Amino acid sequence: MQFSLCIDSIYPKDDLKEKLEKIKQAGFKFIEFWDWRDKDFELIMDSGLKVSNFSGNRISSLTLDNKEKVIQEINTSIDIAKRLKCDRIMLLSDILEGDIKGAF
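Right, dumping it as structure tokens:
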């Protein structure tokens, strides 16, 4: 079993580069994250760490009004997963509490 650390919740005072360095120094090989829209993919790929999974959608899929937006976001997530060589995407049925930016 391989463990991964979520870069959105660990070392909250550090920037992404510092987080990745600390995770690697601690001996981990895998990371995960929630929202891909604010991530520096080049920095992540250059870190030597592998992305185990990430959240593929931040838009609620509970209403038909969002259908096209959800499909578009998932397709974009698939492209990002290919770029990151990540073979797992976490799909959510609804937005997470406090994730209002993904609601619309």
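The sequence shown: position 34 = 27 (the numbering used here), numbered continuously.
By construction, the Cβ of each residue, glycine as well, lies at the ideal position given by its N, Cα and C atoms.
Because the structure is a prediction, the values reported are computed rather than measured.
Distance CB(residue 25)-CB(residue -3) smaller than 8 Å: yes
query = Mapping DSSP to helix, strand and coil, what is residue 24?
reply = strand
CB residue 82 to CB residue 47, shorter than 8 Å? yes
Query raised in the report: Between which two residues does the beta strand (DSSP E) containing residue 45 stretch?
Result: 43 to 48
- Message: Is it buried or exposed, residue 49, if we count other Cβ atoms within 10 angstroms and call 16 or more buried?
- Response: buried
- Exposed or buried, residue 51, counting other C-beta atoms within 10 Å across all chains shown (16 or more means buried)? buried
Worksheet item: Buried or exposed: which applies to residue 57, given that a residue is buried once 16 or more other Cβ atoms fall within 10 Å of its Cβ?
Response: exposed
* **Euclidean distance between Cα positions of residue 78 and residue 62** => 24 Å
Using only CA atoms, which one of 36, 12, 85, 84 lies nearest to residue 76? 36
- Between which two residues does the alpha helix (DSSP H) containing residue 77 stretch? 60 to 77
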